[in-house]
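Asker: Below you will find the structure I want to go over with you.
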Amino acid sequence: MTSASSSALDFAHSPINQALTPERKIELFTQMVRIRRFEQAGLKYYQAGKIGGFLHLYIGQEAVAVGTISLGGANDHFITAYRDHGHALAVGMGMNECMAEMYGKQTGCSKGKGGSMHFFAPDKNFWGGHGIVAGQTPLGLGLAYGLKYLGREGCCLCYLGDGAVNQGAFHESLNIASLFGIPVVYVIENNGYSMGTSQERSSAYNGCLAQRAEAYAIEWDVIDGSDLYEVRAKTHIAMERARKEMKPTVLEIDTYRYYGHSIADANHKKYRTPEEIENYKQNHDPIAVFRRRLIAEGVMTEELATTINKDAATEAAASVKFAEESPAPTIADISTDVYWESDNNTPASQIGRHFFND
Amino acid sequence: MTSASSSALDFAHSPINQALTPERKIELFTQMVRIRRFEQAGLKYYQAGKIGGFLHLYIGQEAVAVGTISLGGANDHFITAYRDHGHALAVGMGMNECMAEMYGKQTGCSKGKGGSMHFFAPDKNFWGGHGIVAGQTPLGLGLAYGLKYLGREGCCLCYLGDGAVNQGAFHESLNIASLFGIPVVYVIENNGYSMGTSQERSSAYNGCLAQRAEAYAIEWDVIDGSDLYEVRAKTHIAMERARKEMKPTVLEIDTYRYYGHSIADANHKKYRTPEEIENYKQNHDPIAVFRRRLIAEGVMTEELATTINKDAATEAAASVKFAEESPAPTIADISTDVYWESDNNTPASQIGRHFFND
Amino acid sequence: MSRILTYREALREGLDEELARDPNVVLMGEEVAQYNGAYKVTEGLWKKWGDKRIVDTPISEAGFIGMGIGASMLGVRPVMELMFWSFHSVAFDQLVSNAACVRYMSGGLCNCPIVVRGPANGGTGVGATHSHIPEGLFAAFPGLKVCAPATPADAKGLIKAAIRDNDPVYFMENTLLYGTTGEVPDPADGDFVIPLGLAEIKREGSDVSLIAHGRSVIQALAAAEILKNDHGIDAEVLDLRSIRPLDQDAILKSVMKTNRVVLVDESKPFGGVSAMVAMLIQDHAFDYLDGPIKRVCSIDAPAIYSPHIEHEQLPNPRRIVEKVLSLG
Amino acid sequence: MSRILTYREALREGLDEELARDPNVVLMGEEVAQYNGAYKVTEGLWKKWGDKRIVDTPISEAGFIGMGIGASMLGVRPVMELMFWSFHSVAFDQLVSNAACVRYMSGGLCNCPIVVRGPANGGTGVGATHSHIPEGLFAAFPGLKVCAPATPADAKGLIKAAIRDNDPVYFMENTLLYGTTGEVPDPADGDFVIPLGLAEIKREGSDVSLIAHGRSVIQALAAAEILKNDHGIDAEVLDLRSIRPLDQDAILKSVMKTNRVVLVDESKPFGGVSAMVAMLIQDHAFDYLDGPIKRVCSIDAPAIYSPHIEHEQLPNPRRIVEKVLSLG
Ligand SMILES: Cc1ncc(C[n+]2csc(CCOP(=O)(O)OP(=O)(O)O)c2C)c(N)n1
Ligand SMILES: Cc1ncc(C[n+]2csc(CCOP(=O)(O)OP(=O)(O)O)c2C)c(N)n1
Ligand SMILES: [Mg+2]
Ligand SMILES: [Mg+2]
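Read top to bottom, the protein sequences are chains A, B, C and D.
This note's numbering applies: residue -7 is where the first sequence begins, and numbers increase by one.
This note's numbering applies: residue -7 is where the second sequence begins, and numbers increase by one.
This note's numbering applies: residue 4 is where the third sequence begins, and numbers increase by one.
This note's numbering applies: residue 4 is where the fourth sequence begins, and numbers increase by one.
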């Protein structure tokens, strides 16, 4: 939200941030820049007709994915909605497989079957990329339940939007999370709007959306999403509560998206004032804020920041080239990845008819 | 709940109760007795194999339906779940059509098509009787929305169980109710158990279930369901808030069921102690409490109470006879009440095939 | 006199006329009011009719559709938009338990005059969770009615019939048709309503019956042109328009004329409207069939995203032509 | 050696054996643990296996089924009970969007080895919202598997196959079958697993094929006795057992032998498994059919409550016999 009041506290001094080496800080900055450059390239080629379906840009929200995911260890897992590019790059997915996915190519992370809304990298503990609003919230619960069941000390960060909080599945998940003691952290990325509808027009609440957690005796907190240090400091507490105490948390991270809901959204300057957008860009841009911060800390120079920016743009351009040159799926590819048994040609897959073409 | 602490306040003196004439008080007592006698007859003939499906008895909860529905005016509407006999009789449905419905006869309120879980009387502002847990909660919202849309000053009382609060549809309804200013009052009939699961094992909450309303900035209250006066006094406030201020309320009425979840529930003495059941019967039975009260007030004599009891038993027995002697639906009846247009033999019903038998 | 309108405009005109005709008609859904609709079907209606008649809802499909059902029992006539019909999955209980059964379970005491409308189609690169074709799914529930217009005139005529119908009608549109154009009668020439349950021959032919609904009609018409021009085969194209009620007479009449049938159905092949139509044809026109009824459905997998290949998963003129030629 | 077990006991034995075989198998659902299951299928399992393996859930089908799907992606193998399959309606999105599509949308990176099980049938006086027959509904979604055993042995053999399958399997039981008995092989004689996708001839015959699944198999067998004794007609009864994968070969083989087909399907007639089976038969055995394929389905209305008439809405021996006799 534009109204995110600048915090009085300085989270740079939180232990979890003090533990950051200069290299790691630069890495986090670089990740945010890479997300932005990647998406700018995506936007360009979406508008050129190279990418189909919807394109939901994360630009403006980068500190949320990068800050929270930077806290993840080997047993921490992540799952989000359709606005998933930031999370994908933050968990370590390459620009190539992400861009190729948007291009609908065989080399895409989902072989061109999922598209922009459905990036996956289970090897990096990233479970998508989901198109049905709040449909991922019980899955996030399940990943965390799975960790507990399998005896692994970890948690699941499950992201959702400010509009998604009004889906029933989310509430069912909260009750179960609290009742069963599931190590899940729900992260509401509150960018103030669900499509063209402001938070006030879609949700009834007391104080803030995260406060709904009280209904289930769940801890909650509100975070300024433009400050990567604050995101890390507060999310760390929630993750530790999950990992050590097997207790869920609901975090609401105030943030903003610069573009429309998706690039098909031609209205976004109607339901938001130009001043609102401009104010966020000027005063709350997470990349600009962290850049100033690192320069002030003496960790990064202007030159380095410029180089990082240029490198990210180059990397993004290379991913476009990779995507362009990759082969498209064939008609035969339509029929794979439907059944595990069929893909693995198991005895079970040989018995009975599985597919009903003709 | 058994732990329902006996209230320090005496709600007999609330204006809404002071306005009750002696005749009306006796009528309310009579209604509760009639519900109990009706269900006892139903139980007997269910066990004799005359009634099919499930039988969910309301016995122990009578003051909730009778107390709340006694407050209804011409534009107040009611909708509940499958445990619906109490509400049905309280809105003024006859024992005959209710018993015949359980018997699956043509003379039943739903022509034998709905059964015990699906009593309806739209002419008495009663909209069922619904089998899917919490499935009725958006419908109740809609009835209240309809009142507002049509410009009628009234409200909808929508009943649900303590287990039903964990269904997503209920939460979606609460958000919309608050956001749109809908005159709906949700009444959680908290009998402590959803089937064999105690409230503590099914719900995470702060303080009480009704408090979940705070998440949506909705007013709430908790009521001792064994005291008809308290039920009326507090529900009246919520109904007035709805009618005059277009604001929803969530009420939690503590109550208890004497029998199992349904009569098929053979376990109910396992998940509840005999002491717990006995304590409620002895100290919190809504009929016994109100009976003592009316006698103490000098409104009713022991003799009259006995007569009322006997008359109710006689009426219930007559309804059994009515049901027994009524005709069963025919095969042809299976195919009516599917489409309004077909039932009314309209031009629309003549075009194209509507039914696909053979 | 008729005018050329887009499918979107025709729909909007139908909605607008019904809003004017009956003060109890109310449109609701996500982004339908202030945003003018995700696909602009309702553009301008909020400005014209205001907050009471055109209602923006939260992203709570079970909540607001259930609300519409409840209100309809009281006499309101809600027309509810699903931004995509695919989102039926989160409102399924309200759609198939409450709307379809409340009349029956009450022995005819409750009515449920609602319309639920929105696009239901593949072909736009939105992937498996946004590309459902649920006509057959809902037509399977007695108590529900389903239609799927293919042209602007049908869209207008059928939406008006749907709104006036006193039963729940699930109305399936198509994002790929919204921009297509066609003749629509002028309102000045009278109220234009197309009853549910009436199929239409969109192209006369004698050699083979292509039976379809929704955008598959357009694909079948394109295939028919190719069949005519390149192969001298004269295909009849029958547009079902309405799935339930279903114009069985028109189906059988066409089959009895051509004796050969290819059903075109964007549904996945297990089930779908086409399996039911095939069942009916072989049951009622067995002796008129020269050979088995064939189908062109979507290839049997969740909807693929890739724009390079998605059109090959769907029925398209090439696949239809190949199927007709394979009849031998 | 085999023993006589009830369908319920056979299922329970299958669940118990799989719990013992694989520590990642976990049962969850409403009342499955402490209450021993609403229909006592899981009786004794909580006592034996404890809180971790047998989990009571709140009445939140979307929540706990979605939870199971999420956990399955991580390697847990949840077997989830729907107290009635009818309650699929409140969990539909998790069942058909997440479980059916997550493998596809991830290009094969995610697996979803879940089982969802519970009773799916009419005939017990529980009315329209509790009597769904959703085999065809779910089989329509590529990515899902569906089976519906009719006997105790099949129930045990198939539940074990379902739990070991690495794809989502929706397992439809029947409250009216839970108490029926039949021979089930002794565990001492080895692991008894029946693969999905294999139909079984439950009665050999030469005059007509009755093709069914679930309790309709029992009804078809009863009808076959009457047909034999009273009419000298020798009916073959083919039990599909598994709906997807489907044993098309067994279906065609039977049809090619008898040349006459009556499908028995408790589903409502618009769609259902039987419409799909009819489509396949006429497509692949057209020249073997002496006449149209006929069906006996439930009468086309929501499920009626009245115990006096409910059995007449469902396929029953009388209706099946009449249909066979009508073949002429
Ligand atoms: C169940 C469902 N309903 C509607 C949609 C269409 N839709 C996609 S995103 C969206 C807005 C969501 O807003 P929010 O949760 O705030 O997330 P944001 O887009 O701001 O990240 C809507 C309505 C959907 N995908 N799923
Ligand atoms: C969606 C759904 N899930 C499960 C059931 C089965 N069921 C019927 S009643 C019930 C318990 C409900 O308990 P509660 O809400 O406390 O109401 P009570 O029976 O105590 O009146 C359950 C699990 C159902 N009918 N619908
Ligand atoms: Mg948002
Ligand atoms: Mg209860």
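Beta carbons are placed, not taken as given, at the ideal position from N, Cα and C, and that holds for glycine.
1. In chain order, what residues of the same chain have a beta carbon less than 7 Å from the beta carbon of alanine 74/C, not counting five sequence neighbours either side?
2. Are the CB atoms of valine 187/D and serine 301/D nearer to each other than 8 Å?
3. Using a Cβ cut-off of 7 Å, pull out every chain F residue sitting near threonine 299/B, in sequence order please.
4. Please go through the same chain and pick out, in chain order, the residues whose beta-carbon is closer than 6 Å to the beta-carbon of lysine 326/D, but skip the five residues on each side of it.
5. In the DSSP assignment, what are the bridge partners of alanine 215/C?
6. Could you tell me whether the stretch 97 to 117 of chain D touches the stretch 286 to 297 of chain D, where touching means 3 or more Cβ pairs closer than 8 Å?
7. Is histidine 351/A helix, strand or coil by DSSP?
8. Show which residues of chain C have a CB atom less than 9 Å away from the CB atom of lysine 271/D.
9. Start and end of the beta strand (DSSP E) containing isoleucine 245/A?
10. Whole angstroms is fine: what's the gap from arginine 193/B's alpha carbon to phenylalanine 172/A's?
11. Quick one: what's got a C-beta closer than 8 Å to phenylalanine 112/A's C-beta in the same chain, skipping five residues either side?
12. Ligand 3 and tryptophan 190/A: does the residue's C-beta get closer than 7 Å to at least one heavy atom of that ligand?
13. Please return the same chain residues whose Cβ sits closer than 6 Å to the Cβ of glycine 199/A, not counting the five positions on each side in sequence.
14. What residues from the stretch 330 to 349 of chain B come within 9 Å of chain C, judged by C-beta to C-beta, listed N to C?
15. Closest to alanine 131/D by CA distance: which of Gly121/C, Val118/C, Cys150/C, Arg106/C is it?
16. Which same chain residues end up closer than 6 Å to alanine 33/B when comparing Cβ atoms and leaving out the 5 residues on each side of it in sequence?
17. Over the uninterrupted beta strand (DSSP E) stretch that includes phenylalanine 174/D, give me the two end residues.
18. 8 Å is my cut-off, CB to CB: does histidine 163/A come that close to chain B?
19. In chain A, which residues lie less than 9 Å from histidine 133/C when you measure between Cβ atoms?
20. What three-state label does DSSP hand tyrosine 185/B in the structure shown?
21. Identify every residue that forms a DSSP beta bridge with glycine 78/A.
22. Once you ignore the five residues that flank aspartate 25/D on each side, which residues in its own chain have a CB closer than 7 Å to its CB?
23. To which residues of the same chain is proline 305/C closer than 7 Å at the C-beta, ignoring the five residues directly before and after it?
24. Measuring alpha carbon to alpha carbon, tell me which residue in Cys104/C, Pro310/C, Leu147/C is nearest phenylalanine 273/D.
25. Can you list, in chain order, the residues of its chain whose CB lies under 6 Å from that of threonine -6/B, leaving out five sequence neighbours each side?
26. Please check if any C-beta of chain B sits within less than 8 Å of the C-beta of arginine 24/C.
27. Cα-Cα, which of Pro155/C, Ser109/C, Gly69/C is closest to valine 119/C?
28. Would you mind telling me which residues of chain A sit closer than 8 Å to glycine 209/B, beta carbon to beta carbon, in chain order?
29. Check whether the Cβ of phenylalanine 90/D sits closer than 7 Å to any heavy atom of ligand 5, and report yes or no.
30. Express the C-alpha separation of histidine 48/A and isoleucine 255/A in angstroms, rounding to a whole number.
31. Leaving out five residues on either side along the sequence, give the residues of the same chain with a beta carbon under 6 Å from the beta carbon of proline 130/B.
32. Between which two residues does the beta strand (DSSP E) carrying serine 170/A extend?
33. Between asparagine 182/B and chain A, is the shortest Cβ-Cβ distance under 8 Å, so that the two count as touching?
34. Can you tell which of Ala209/B, Tyr250/B, Glu316/B, Arg284/B has its C-alpha closest to the C-alpha of isoleucine 18/B?
35. According to DSSP, simplified to helix, strand and coil, what is glycine 127/B?
36. Kindly indicate which residue of Met238/B, Glu237/B, Leu243/B has the alpha-carbon position closest to the one of alanine 225/B.
Answerer: In short, the structure shows the following:
1. Your numbering for residue 74/C matches position 71 in the third sequence. These residues qualify, in order along the chain: Pro81.
2. The sequence position of residue 187/D within the fourth sequence is 184, counting from 1. The sequence position of residue 301/D within the fourth sequence is 298, counting from 1. Going by C-beta atoms, valine 187/D is not nearer than 8 Å to serine 301/D.
3. Structure shown: chain F not included; protein chains present are A, B, C and D.
4. Locating residue 326/D in the fourth sequence gives position 323, where the first residue counts as 1. If we look at lysine 326/D and ignore the five residues flanking it on each side, its Cβ neighbours are Val265, Lys297, Val299.
5. In the third sequence, residue 215/C corresponds to position 212, counting from 1. DSSP lists Asp242/C, Val267/C as partners of alanine 215/C.
6. no
7. Absent from the model: residue 351/A. The displayed extent of chain A is -7 to 350, so no value can be given.
8. The residue given as residue 271/D occupies position 268 in the fourth sequence. Within chain C, the residues near lysine 271/D are Ala143, Phe144, Pro145.
9. On the first sequence, residue 245/A is found 253 positions in, with the first residue counted as 1. Looking at the DSSP string, the run of the beta strand (DSSP E) that includes isoleucine 245/A is 241 to 246.
10. Within the second sequence, numbered from 1, the residue matching residue 193/B stands at position 201. Within the first sequence, numbered from 1, the residue matching residue 172/A stands at position 180. Cα to Cα, the separation comes out at about 9 Å.
11. Position 120 of the first sequence, counted from the first residue, corresponds to residue 112/A. Once the five neighbours on either side are set aside, the close Cβ partners of phenylalanine 112/A are Cys101, Ser102, Gly106, Phe118, Trp119, Gly120, Gly121.
12. By 1-based counting over the first sequence, the position of residue 190/A is 198. In the sequence under discussion, the amino acid at residue 190/A is serine, which differs from the tryptophan named in the question. Flag unset: Cβ of serine 190/A not near ligand 3.
13. Position 207 of the first sequence, counting from 1, holds the residue named residue 199/A. Counting only Cβ-Cβ distances below 6 Å, and skipping sequence neighbours, we find nothing.
14. Val330, Tyr331, Trp332, Glu333, Ser334, Asp335, Asn336, Thr338, Pro339, Ala340, Ser341, Gln342, Ile343, Gly344, Arg345, His346, Phe347, Phe348
15. Indexing the fourth sequence from 1 puts residue 131/D at position 128. Per the Cα distances, Arg106/C.
16. Here residue 33/B corresponds to residue number 41 of the second sequence, with the count starting at 1. The answer, listed in chain order, is Ala308, Val312.
17. If you number the fourth sequence from 1, residue 174/D lands on position 171. 172 to 176 is the extent of the beta strand (DSSP E) around phenylalanine 174/D.
18. Here residue 163/A corresponds to residue number 171 of the first sequence, with the count starting at 1. Yes, contact with chain B.
19. Start at 1 with the first residue of the third sequence, and residue 133/C comes out as number 130. Ordered by position in chain A, the residues that pass the 9 Å Cβ test against histidine 133/C are Gly45, Phe46, Met109, Gly123, Ile124.
20. Here residue 185/B is taken as the residue at index 193 of the second sequence, counted from 1. Strand at tyrosine 185/B.
21. The residue labelled residue 78/A in the question sits at position 86 within the first sequence. Answer is none; glycine 78/A lacks a bridge partner.
22. As a working mapping, residue 25/D is identified with position 22 in the fourth sequence. Excluding positions up to five away in sequence, the list reads Arg80.
23. For the purposes of this step, residue 305/C is taken as the residue at position 302 of the third sequence. Same-chain partners within the cutoff: Ala131.
24. Here residue 273/D is taken as the residue at index 270 of the fourth sequence, counted from 1. Among Cys104/C, Pro310/C, Leu147/C, the Cα nearest to that of phenylalanine 273/D is on Leu147/C.
25. Reading the second sequence from its first residue, position 2 is the one you call residue -6/B. Because the pLDDT of threonine -6/B is 35, which lies under 50, any placement of that residue in the model is unreliable, and the number read from its coordinates should be weighed accordingly. Excluding sequence neighbours, threonine -6/B sits near Glu268, Asn271, Tyr272.
26. Here the question's residue 24/C lines up with position 21 in the third sequence. Chain B, which has no Cβ nearer than 8 Å to the Cβ of arginine 24/C, makes this no.
27. Within the third sequence, numbered from 1, the residue matching residue 119/C stands at position 116. With distances taken between Cα atoms, valine 119/C lies closest to Gly69/C.
28. In the second sequence, counting from the first residue as 1, residue 209/B sits at position 217. It is worth fixing the name first, because residue 209/B is alanine in this sequence and not glycine. Here the neighbours are Ala196, Tyr197, Asn198.
29. Ligands present in the displayed structure are limited to ligand 1, ligand 2, ligand 3 and ligand 4, and ligand 5 is not among them.
30. Here residue 255/A refers to the residue found at position 263 when the first sequence is read from its first residue. Here residue 48/A refers to the residue found at position 56 when the first sequence is read from its first residue. If I take the Cα positions, the gap works out to 7 Å.
31. Taking the second sequence and counting its residues from 1, the one referred to as residue 130/B is at position 138. Ala161, Ser165, listed in sequence order.
32. Against the first sequence, residue 170/A aligns to sequence position 178. Looking at the DSSP string, serine 170/A is not in any beta strand (DSSP E); the run it does join, the alpha helix (DSSP H), is 160 to 172.
33. Reading the second sequence from its first residue, position 190 is the one you call residue 182/B. For asparagine 182/B, the answer is no, since every Cβ of chain A falls outside 8 Å of its Cβ.
34. As a first step, residue 18/B is located in the second sequence; it is residue number 26 there, counting from the start. When only C-alpha atoms are compared, the closest one is Arg284/B.
35. Position 135 of the second sequence, counting from 1, holds the residue named residue 127/B. It is coil, neither helix nor strand.
36. Taking the first residue of the second sequence as 1, we reach residue 225/B at position 233. When each option's Cα is compared against that of alanine 225/B, the closest is Leu243/B.
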